[in-house]
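J.: Once you've had a glance at the structure underneath, I'll fire off some questions.
Protein chains: 2
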Amino acid sequence: MKDVLSGTAPALSGERKRITVMFGDLRDFTSMAETMGPEDVLRVLEAFFEAMVEVVQRNQGYIDKFMGDGLMVLFGALHDDPWQGEHAVKAAIEMQQKLRQVSEKLQSERFQPLRMGIGINSGLAVVGNIGSKSHFEFTALGNTVNVAARLESATKDHHVDILISEHTYDEVKPSFQVAKAGPIQVKGLTEPITAYSVEDTGAPAPSPTPE
Amino acid sequence: MKDVLSGTAPALSGERKRITVMFGDLRDFTSMAETMGPEDVLRVLEAFFEAMVEVVQRNQGYIDKFMGDGLMVLFGALHDDPWQGEHAVKAAIEMQQKLRQVSEKLQSERFQPLRMGIGINSGLAVVGNIGSKSHFEFTALGNTVNVAARLESATKDHHVDILISEHTYDEVKPSFQVAKAGPIQVKGLTEPITAYSVEDTGAPAPSPTPE
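Protein chains in written order, with the working numbering: chain A, 13 to 223; chain B, 13 to 223.
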């Protein structure tokens with residue numbers, strides 16, 4: 013997690029490299045949280061984040077940050093990873109599988125079911141320790157990051173759980189079953205981008221590394 | 013900053029309280045950064061964040077997180093603050109003043125001018141240590157937070173630098189000069205909200221505490 017790096021490396025270090033970025037966000041949780049006790053909100057989020065962190069780290073992902081009821085994850089940023097696309101999509105499928113388990117457990121304790129949207133994009137970004145001299149964090153910045161965030165937002169309108177950009181798709185297409193989700197107009201980009209919905213076949217997600 | 017609290021307090025502690033939330037974001041910086049060297053991107057962001065952190069902390073704000081070229085700030089969250097609205101708006105005005113100085117200095121070093129949008133909202137939110145057992149951060153969650161983020165986004169369309177919600181306005185109206193920015197439709201809310209643009213009179217922002 014980022015605290016390993018905060019404040020220990022020189023503040024001004026960064027490079028432009030190809031990474032895969034994932035945004036995940038609990039759907040409608042903010043509204044749900046308005047009617048819950050604060051301890052319950054934190055309890056549900058803890059169960060959610062606990063489960064997601066485990067899946068992300070097992071798939072070589074780096075948790076960039078939590079944002080309310082969402083998270084930003086980088087693949088291939090901290091260390092080069094030629095399988096960054098596969099790792100990200102495999103993590104996304106497993107995160108959705110895991111969320112169903114967490115949600116079932118929470119429902120048995122009187123909570124409402126949880127759903128999550130995940131957006132994934134690959135491309136060049138500036139990666140490094142970003143912030144002020146007194147506080148900086150290893151993170152990524154660029155349109156590549158923004159598009160991943162927009163794809164996450166678009167999952168709701170497209171009624172799908174995972175959307176990946178064509179850039180990530182080009183990298184992972186032999187490994188996963190996808191369906192074209194049509195061109196998506198992304199704020200800040202002039203041309204709409206082609207996105208694909210990743211289908212969870214129910215089986216364990218294929219592993220990019222031979223076992 | 014948040015690292016002071018990360019991992020030191022019990023993970024499950026939170027409450028619902030009235031806070032004032034601010035989002036600030038460099039306008040069009042992501043696109044600008046695509047054409048800059050990575051070291052330059054980090055250098056500009058460092059100058060920006062350095063300046064903003066100083067202003068925020070001097071005005072009793074708590075830096076919740078940096079997000080790429082933006083930041084999220086809480087007032088009245090870590091400690092109760094009856095002047096949270098005034099502190100937030102005063103900080104926003106000073107941040108814009110300070111940004112102009114930073115931008116002039118950077119322009120003299122060949123960089124493009126910087127502009128920033130700031131959105132502010134006040135209301136109830138769940139505040140506490142949110143995250144997993146192994147990594148949690150003091151932050152806030154709720155529609156109050158989301159509305160502040162949406163107002164920041166709306167500054168660009170409304171061609172203004174600072175937008176505050178009517179909830180923050182009701183608290184601070186004797187202290188600042190504002191202009192009605194009209195009803196703004198916020199994603200996730202059924203009713204549009206009334207927002208006000210804060211005018212920077214050029215003079216030092218009024219201080220909420222007698223000196």
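For each residue, glycine too, the CB sits at the ideal point set by N, CA and C.
Since I believe B/T42 is in contact with A/G154 (beta carbons under 8 Å), could you give me their beta-carbon distance rounded to a whole number of angstroms?
T.: The residue labelled residue 154 of chain A in the question sits at position 142 within the first sequence. The residue labelled residue 42 of chain B in the question sits at position 30 within the second sequence. Sure, about 6 Å apart at Cβ, within 8 Å.
J.: Counting only Cβ pairs nearer than 7 Å, list the residues of chain A close to B/D81.
T.: Position 69 of the second sequence, counting from 1, holds the residue named residue 81 of chain B. What B/D81 touches in chain A: L153.
J.: Quick one: which chain A residues come within Cβ less than 8 Å of B/L126?
T.: The residue labelled residue 126 of chain B in the question sits at position 114 within the second sequence. Correct list: empty, because the minimum Cβ distance to chain A is about 14 Å.
J.: Just to confirm before moving on: does the CB-CB distance between A/G82 and A/D37 stay below 8 Å?
T.: Walking along the first sequence from the start, residue 82 of chain A turns up at place 70. Walking along the first sequence from the start, residue 37 of chain A turns up at place 25. Going by C-beta atoms, A/G82 is nearer than 8 Å to A/D37.
J.: Note down, in chain order, all residues in the stretch 46-78 of chain A with a beta-carbon under 7 Å from any beta-carbon belonging to chain B.
T.: E46, P50, E51, V53, L54, R55, L57, E58, F61, E62, V65, K77, F78
J.: A/G135 touches chain B at which residues, Cβ-Cβ below 7 Å?
T.: Within the first sequence, numbered from 1, the residue matching residue 135 of chain A stands at position 123. Taking a Cβ-Cβ cut-off of 7 Å, A/G135 has no neighbours in chain B, whose nearest Cβ is about 10 Å from it.
J.: B/V33: which of B/K102, B/Q119, B/I174, B/A152 sits nearest, CA to CA?
T.: The sequence position of residue 33 of chain B within the second sequence is 21, counting from 1. Closest by alpha carbon: B/A152.
J.: Could one say the Cβ of A/V138 lies closer than 8 Å to chain B's Cβ atoms, at least one of them?
T.: The residue labelled residue 138 of chain A in the question sits at position 126 within the first sequence. Cβ-Cβ to chain B under 8 Å: yes for A/V138.
J.: Check for me: the beta strand (DSSP E) holding B/P50 runs from which residue to which?
T.: Counting from 1 along the second sequence, the entry for residue 50 of chain B is found at position 38. Not the beta strand (DSSP E): B/P50 falls in the alpha helix (DSSP H), residues 50-70.
J.: Should B/V157 be flagged as near chain A, meaning a C-beta pair shorter than 8 Å?
T.: By 1-based counting over the second sequence, the position of residue 157 of chain B is 145. So yes, B/V157 belongs to the interface.
J.: Who does B/Y181 pair with in a DSSP beta bridge?
T.: By one-based count along the second sequence, residue 181 of chain B stands at place 169. DSSP output for B/Y181 lists no bridge partner at all.
J.: What whole-angstrom Cβ distance do A/L175 and A/A191 have, given they're in contact under 8 Å?
T.: Translated into positions along the first sequence, residue 175 of chain A becomes position 163. Translated into positions along the first sequence, residue 191 of chain A becomes position 179. Actually they are not in contact, since the Cβ atoms of A/L175 and A/A191 sit about 10 Å apart, beyond 8 Å.
J.: Whole angstroms is fine: what's the gap from B/H171's alpha carbon to B/I105's?
T.: In the second sequence, residue 171 of chain B corresponds to position 159, counting from 1. In the second sequence, residue 105 of chain B corresponds to position 93, counting from 1. Near 16 Å, if we compare the C-alpha coordinates of B/I105 and B/H171.
J.: Answer yes or no: do A/N133 and A/H179 have a C-beta to C-beta separation smaller than 8 Å?
T.: What you label residue 133 of chain A is simply residue 121 of the first sequence in a count that begins at 1. What you label residue 179 of chain A is simply residue 167 of the first sequence in a count that begins at 1. The answer is yes: Cβ separation under 8 Å.
J.: Hey, quick one: how far does the beta strand (DSSP E) through A/L163 stretch, first residue to last?
T.: Position 151 of the first sequence holds residue 163 of chain A. Where A/L163 is concerned, there is no enclosing beta strand (DSSP E), although the alpha helix (DSSP H) it sits in stretches over 155-169.
J.: Run the CB neighbour count on B/H99, radius 10 Å, all protein chains shown included, and call it buried at 16 or more, exposed below.
T.: Within the second sequence, residue 99 of chain B is the residue found at index 87, counting from 1. Buried is the call here.
J.: Count the other C-beta atoms from every protein chain shown that fall within 10 angstroms of the C-beta of A/D169, then say buried if there are 16 or more, exposed otherwise.
T.: Translated into positions along the first sequence, residue 169 of chain A becomes position 157. Exposed: under 16 other Cβ atoms inside 10 Å.
J.: Less than 8 Å between CB atoms is the rule here; does A/K110 satisfy it with respect to chain B?
T.: For the purposes of this step, residue 110 of chain A is taken as the residue at position 98 of the first sequence. Cβ-Cβ to chain B under 8 Å: no for A/K110.
J.: What residue does the beta strand (DSSP E) around A/L86 start on, and which one ends it?
T.: Along the first sequence, read from residue 1 onward, the residue named residue 86 of chain A stands at position 74. Its beta strand (DSSP E) spans residues 82-87.
J.: What is the C-beta distance between A/R28 and A/V138, in whole angstroms, given that I count them as a contact (C-beta under 8 Å)?
T.: For the purposes of this step, residue 28 of chain A is taken as the residue at position 16 of the first sequence. For the purposes of this step, residue 138 of chain A is taken as the residue at position 126 of the first sequence. 5 Å between Cβ atoms; contact.
J.: Report buried or exposed for A/A70, applying the criterion of at least 16 other Cβ atoms within 10 angstroms of its Cβ.
T.: As a working mapping, residue 70 of chain A is identified with position 58 in the first sequence. It should be pointed out that residue 70 of chain A corresponds to Arg in this sequence rather than to Ala. Counting the other CB atoms within 10 Å of its CB gives A/R70 a total below 16, which places it among the exposed residues.
J.: A/F41 by DSSP, collapsed to three states: which one?
T.: As a first step, residue 41 of chain A must be located in the first sequence, where it is residue number 29. Correct three-state label for A/F41: helix.
J.: For B/V53, which residues in the same chain have their Cβ closer than 8 Å to its Cβ, ignoring the five residues on either side in sequence?
T.: Translated into positions along the second sequence, residue 53 of chain B becomes position 41. For B/V53, where only same-chain residues beyond five positions count, the Cβ hits under 8 Å are A45.
J.: Would you call A/S146 buried or exposed, if buried means 16 or more other Cβ atoms sit within 10 Å of its Cβ?
T.: Counting from one through the first sequence, the residue named residue 146 of chain A turns up at place 134. Answer is exposed; the Cβ neighbour count stays below 16.
J.: Quick one: does A/A21 have its CB under 8 Å from some CB of chain B?
T.: As a working note, residue 21 of chain A is residue 9 in the first sequence. Below a pLDDT of 50, predicted positions are generally treated as unreliable, and A/A21, at 48, falls in that range; the measurement from the model is reported next regardless. No, because no Cβ of chain B sits closer than 8 Å to the Cβ of A/A21.
J.: Do A/G80 and B/V157 have their CB atoms nearer than 8 Å?
T.: Translated into the one-based positions of the first sequence, residue 80 of chain A becomes position 68. Translated into the one-based positions of the second sequence, residue 157 of chain B becomes position 145. Their beta carbons are under 8 Å apart, which means A/G80 touches B/V157 by this criterion.
J.: On the three-pair Cβ rule with 8 Å, is the stretch 196-211 of chain A touching the stretch 56-66 of chain B?
T.: By the C-beta criterion, the stretch 196-211 of chain A is judged not to be in contact with the stretch 56-66 of chain B, since fewer than 3 inter-stretch pairs fall below 8 Å.
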